[in-house]
Amino acid sequence: MERTWWKEAVIYQIYLRSFQDSNGDGVGDIPGIISRLDYLQKLGVTVLWLNPCYPSPDVDNGYDISDYCGIAPRFGTMEDFDRLLAETHRRGMKLVMDLVVNHTSSEHPWFKESRKSKDNPYRDYYIWRPAKDGREPNNWGSHFTPSAWEYDETTGEYYLHLFAKEQPDLNWENPAVRREVWKLMRFWLDKGVDGFRMDVINLIKKPAGLPDSPKAPTCAEGYSFDCELYANNPGLCDFFREMDREVLRDYDVMTVGETARVTPEFALDYVGEPERLLSMVFHFQIVELRDGFTWPKFKAIQRMWADKLWGRGWSSQFLQNHDQPRCVSVYGDDGAYRTQSAKLLGTMLHTLPGTPYVYQGEELGMANTPFTDISQYNDINAKFDYSELIAAGKTPQQALAVLNRYSRDHARTPMQWDASENAGFTSGTPWLMVNPDYVRVNAAAQESDPDSVLNYYRRLIALRKERPAMVYGEFTEYEAGRGDVYVYTRTLGDERLLVTLNLTGEPAEVRLPAEGVPAPLLCNYPDAPAADKTLTLRPWEAVIWNA
Ligand code: NOJ
Numbered sequence: 268m269e270r271t272w273w274k275e276a277v278i279y280q281i282y283l284r285s286f287q288d289s290n291g292d293g294v295g296d297i298p299g300i301i302s303r304l305d306y307l308q309k310l311g312v313t314v315l316w317l318n319p320c321y322p323s324p325d326v327d328n329g330y331d332i333s334d335y336c337g338i339a340p341r342f343g344t345m346e347d348f349d350r351l352l353a354e355t356h357r358r359g360m361k362l363v364m365d366l367v368v369n370h371t372s373s374e375h376p377w378f379k380e381s382r383k384s385k386d387n388p389y390r391d392y393y394i395w396r397p398a399k400d401g402r403e404p405n406n407w408g409s410h411f412t413p414s415a416w417e418y419d420e421t422t423g424e425y426y427l428h429l430f431a432k433e434q435p436d437l438n439w440e441n442p443a444v445r446r447e448v449w450k451l452m453r454f455w456l457d458k459g460v461d462g463f464r465m466d467v468i469n470l471i472k473k474p475a476g477l478p479d480s481p482k483a484p485t486c487a488e489g490y491s492f493d494c495e496l497y498a499n500n501p502g503l504c505d506f507f508r509e510m511d512r513e514v515l516r517d518y519d520v521m522t523v524g525e526t527a528r529v530t531p532e533f534a535l536d537y538v539g540e541p542e543r544l545l546s547m548v549f550h551f552q553i554v555e556l557r558d559g560f561t562w563p564k565f566k567a568i569q570r571m572w573a574d575k576l577w578g579r580g581w582s583s584q585f586l587q588n589h590d591q592p593r594c595v596s597v598y599g600d601d602g603a604y605r606t607q608s609a610k611l612l613g614t615m616l617h618t619l620p621g622t623p624y625v626y627q628g629e630e631l632g633m634a635n636t637p638f639t640d641i642s643q644y645n646d647i648n649a650k651f652d653y654s655e656l657i658a659a660g661k662t663p664q665q666a667l668a669v670l671n672r673y674s675r676d677h678a679r680t681p682m683q684w685d686a687s688e689n690a691g692f693t694s695g696t697p698w699l700m701v702n703p704d705y706v707r708v709n710a711a712a713q714e715s716d717p718d719s720v721l722n723y724y725r726r727l728i729a730l731r732k733e734r735p736a737m738v739y740g741e742f743t744e745y746e747a748g749r750g751d752v753y754v755y756t757r758t759l760g761d762e763r764l765l766v767t768l769n770l771t772g773e774p775a776e777v778r779l780p781a782e783g784v785p786a787p788l789l790c791n792y793p794d795a796p797a798a799d800k801t802l803t804l805r806p807w808e809a810v811i812w813n814a
C-alpha cells in the first residue's frame, strides 16, 4: 500500500468562531488560533482543518459564503491568515481549508447578478425553474426549510436551495461555474494550503430532470426531504475528474469529501485506487443511527468499511464534528466514567482503519451542554427542527428534549481553556454560551494532570507516529457479535497490535486472540491489567497491546 502523509496524519478540526477569541468581541478568530498553535503542536496533531473563515452573512455560520477569496473581518485579515499558514508550517503541521461550493450565499455577487434578470450572464450560475402547476417545480424538501425552492419576485421564477434559502445551489452543469471553482481552489493552493475538506460535495450533481421524490412528505408542509435522491448522482465523478485534471494533480494535497448517504460502493468510485479522485471521504452511517445506535451495529459498519475498502481506497474516522453532539455524551458516559470513556473513544478513533479526525475539545472530553431554552440555541438547524416539532404538536419541553440530544450547538460551545470567566475563550460575551462544566473540564487543569484525557491523547497520537501498524496494519476483529467489548488487531508484517475495549460501565471478560502474553503499550487506567489467556477489563477500559 502506498504510504502518504495524509494517511499518517492526525487531523484536528478547528471551529474557529469557538476556538479562541483574541480581541474580546466574543467570536474566535485567526490571531486566537495562532496563539494556540503551540498547544496543538504539543498535542501532536499534524493537520489542522479550518471551518469556513470567508466573508459570510453567517446564516449558517460561514457555510454561506459571499467571497471565496477573502477573510471575514470578524476572524481577522488576509495578513493574519498568511501568518497562520506560515506559523502552522513552521511547526511542521499542515492546514486544510473548507471548500463550500455546492452553494454560495445569496449575498454572493454571482447570485445578486443571477437574480436580476433571466438574461443576466450569471443567470445560469444557479438552478432556476418556472412554477409547475402554480407551485414549486418539484416536491423537494430542504435541510433547513420545508421546500427546497424559493420564489423570487424579480423574475417570477424559483431557485433551488438544498440548505437555507440564503444558500442557493450552484449549477455545476455550467462550465463557467466549474471554472470559477477551479480558480478559487488554485487561489488557496497557490498560497500554500495543504488541501480541502469538501462540504456536501456529493450533492453538486443533481439528478437529471430534477424529478419529484417518491418519498412521503417529511415535513408538516408536505415536502419530501430525500437525500438519497440528491446525493451520489451519475456524472458526479466527471466533475471530480475535471477537478483533478484542472487543479488537484498539480499539488501534493489531501482532499476529504463530506458525503452524506455514501456507501462503500459509492465511496470506492471516489477514493478507489488507482484513479483516486479524492483522498478520502466522511461517511455518516454511524452518526445516522441516532436513536437506533448499538455497539454491534457500530462494529458491523466499521467491519463492512474495513473489508470493502481494504487495499482499494483510504477512509477516515471521526466520532464527532461541528454538526454532531459531543461523542463522550453520545457513545461514552459523560457522568461517572467521563475520563475513562473519553479516553476509550480516543483509543478507538486512533486505532480503527482510516485517518483520525479530532474535533476541538474532544481531547479534553468536552461533553454536551445543558441548554434549557430555545433562546440559548444559535443554530439554524436547531431553530428549524424546533419549529417543525412544535408544528407537529410537541410541547416546548418535548421539542427541547429532542434538540438536547442532537443539536449541532453542543459541538459549537466555546473551547474550554481554563477555569477563568468564559473558560478563557474570550474577555467579552461569547457568541454561544459556555458549557458550565468548564470550571472542572478545561485544558489548564488537564495539562498538569498526568492521567487527564489531554495527556492520554498526547500519548496516543505519539504512539500512532511510532507504530506504522496503527496506520497501515490489516484490521481483524474478534468477539464480533458482542456489544460489550470491542477486540481487534492491526497487523503489519511482524508488528501486531491488539486493541481491547470495554464498551460498558461494568467489568467485562475477553479471551485474548494472541499467542503468548501480550505486552501493554497504552492503557486508559494508571496501571495496565494483567493478561493471560483471558483478561478482565475494568469499566470503559481501553488497552493497546503489543501482541
Ligand atoms: C455541511 C456542514 O458541515 C454544515 O455545517 C452545513 O450546515 C452544511 N454542510 C451546509 O453547507
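In the numbering used here, the protein residues as written are 268 to 814.
The C-beta atom is built at its ideal place from N, Cα and C for all residues, glycine as well.
Just checking my contact of residue i with residue j at CB under 8 Å: how many whole Å lie between their CB atoms?
{"i": "residue 524", "j": "residue 465", "result": "5 Å"}
{"i": "residue 762", "j": "residue 740", "result": "7 Å"}
{"i": "residue 736", "j": "residue 705", "result": "Going by Cβ atoms, the distance from residue 736 to residue 705 rounds to 37 Å, so no, they are not a contact pair."}
{"i": "residue 613", "j": "residue 582", "result": "Contact flag wrong, Cβ pair sits at about 18 Å."}
{"i": "residue 728", "j": "residue 764", "result": "Actually they are not in contact, since the Cβ atoms of residue 728 and residue 764 sit about 15 Å apart, beyond 8 Å."}
{"i": "residue 589", "j": "residue 318", "result": "6 Å"}
{"i": "residue 301", "j": "residue 346", "result": "With a Cβ gap of about 11 Å, residue 301 and residue 346 do not count as contacting."}
On the criterion of 16 or more Cβ atoms from any shown chain inside 10 Å, does residue i qualify as buried, or is it exposed?
{"i": "residue 665", "result": "exposed"}
{"i": "residue 733", "result": "exposed"}
{"i": "residue 299", "result": "buried"}
{"i": "residue 494", "result": "buried"}
{"i": "residue 652", "result": "buried"}
{"i": "residue 756", "result": "buried"}
{"i": "residue 331", "result": "buried"}
{"i": "residue 320", "result": "buried"}
{"i": "residue 599", "result": "buried"}
{"i": "residue 288", "result": "buried"}
{"i": "residue 630", "result": "buried"}
{"i": "residue 718", "result": "exposed"}
{"i": "residue 808", "result": "buried"}
{"i": "residue 639", "result": "exposed"}
Taking the alpha carbon of residue i as the reference point, which residue from the options has its own alpha carbon closest?
{"i": "residue 668", "options": "276, 699, 636, 685", "result": "636"}
{"i": "residue 679", "options": "327, 271, 507", "result": "327"}
{"i": "residue 424", "options": "450, 430, 385", "result": "385"}
{"i": "residue 436", "options": "450, 696, 378", "result": "378"}
{"i": "residue 491", "options": "408, 535, 430", "result": "408"}
{"i": "residue 546", "options": "567, 511, 344, 557", "result": "511"}
{"i": "residue 479", "options": "403, 486, 448", "result": "403"}
{"i": "residue 276", "options": "361, 340, 292", "result": "361"}
{"i": "residue 805", "options": "784, 799, 773", "result": "773"}
{"i": "residue 484", "options": "716, 405, 539", "result": "405"}
{"i": "residue 473", "options": "302, 735, 429, 514", "result": "429"}
{"i": "residue 682", "options": "708, 658, 661, 717", "result": "708"}
{"i": "residue 558", "options": "719, 513, 538, 673", "result": "673"}
{"i": "residue 411", "options": "535, 760, 647, 812", "result": "647"}
{"i": "residue 443", "options": "416, 388, 269", "result": "388"}
{"i": "residue 286", "options": "268, 269, 713, 307", "result": "307"}
{"i": "residue 513", "options": "273, 354, 541, 447", "result": "447"}
{"i": "residue 573", "options": "375, 371, 657, 742", "result": "742"}
{"i": "residue 438", "options": "393, 418, 593, 792", "result": "393"}
{"i": "residue 766", "options": "535, 749, 783, 745", "result": "745"}
{"i": "residue 413", "options": "399, 633, 432", "result": "432"}
{"i": "residue 759", "options": "738, 768, 751", "result": "738"}
Per DSSP, which one or two residues make a beta bridge with residue i?
{"i": "residue 458", "result": "Residue 458 is not bridged to any residue."}
{"i": "residue 436", "result": "370"}
{"i": "residue 549", "result": "525"}
{"i": "residue 273", "result": "Answer is none; residue 273 lacks a bridge partner."}
{"i": "residue 333", "result": "Paired residue(s): none; residue 333 is not in a bridge."}
{"i": "residue 506", "result": "DSSP, once it has assigned bridges, lists no residue as partnering residue 506."}
{"i": "residue 449", "result": "In the DSSP output, where bridge partners are listed per residue, residue 449 has none listed."}
{"i": "residue 469", "result": "Answer is none; residue 469 lacks a bridge partner."}
{"i": "residue 520", "result": "DSSP lists no partner for residue 520."}
{"i": "residue 811", "result": "766, 789"}
{"i": "residue 490", "result": "Per DSSP, none; premise fails for residue 490."}
{"i": "residue 626", "result": "280"}
From the beta carbon of residue i, is the nearest beta carbon of chain B less than 8 Å away?
{"i": "residue 784", "result": "Looking at the structure shown, chain B is missing, and only one protein chain is on hand."}
Cβ-heavy atom distance between residue i and ligand 2 below 7 Å?
{"i": "residue 519", "result": "For ligand 2, the structure offers nothing, since it holds only ligand 1."}
Could you give the uninterrupted runs of the alpha helix (DSSP H) lying entirely in the region 339-386, keeping only those of 4 residues or more? Whole alpha helix (DSSP H) segments, 4+ residues: 345-357, 376-381.
Report the start-end ranges of each beta strand (DSSP E) in the region 557-624 that is 3 residues or longer and not cut off at the edges. For the region 557-624, whole beta strand (DSSP E) runs of length 3 or above, ordered along the chain, are 583-585.
Beta strand (DSSP E) segments (min. 3 residues) lying fully within the region 644-713: If only complete runs of 3 or more residues are kept, the region 644-713 shows no beta strand (DSSP E) anywhere.
What are the start and end residues of each continuous alpha helix (DSSP H) run of 4 or more residues lying completely inside the region 277-327, in chain order? Taking only runs of at least 4 residues, the alpha helix (DSSP H) segments lying wholly in the region 277-327 are 297-302, 304-310.
Whole beta strand (DSSP E) elements within the region 737-806, 3-residue minimum: Counting only runs of 3 or more, we get 741-745, 752-759, 762-769, 775-778, 786-790, 801-804.
Ranges of the beta strand (DSSP E) found wholly within the region 389-431, counting only runs of at least 3: Given a length threshold of 3 residues, each whole run of the beta strand (DSSP E) inside the region 389-431 is given here in chain order: 416-419, 424-427.
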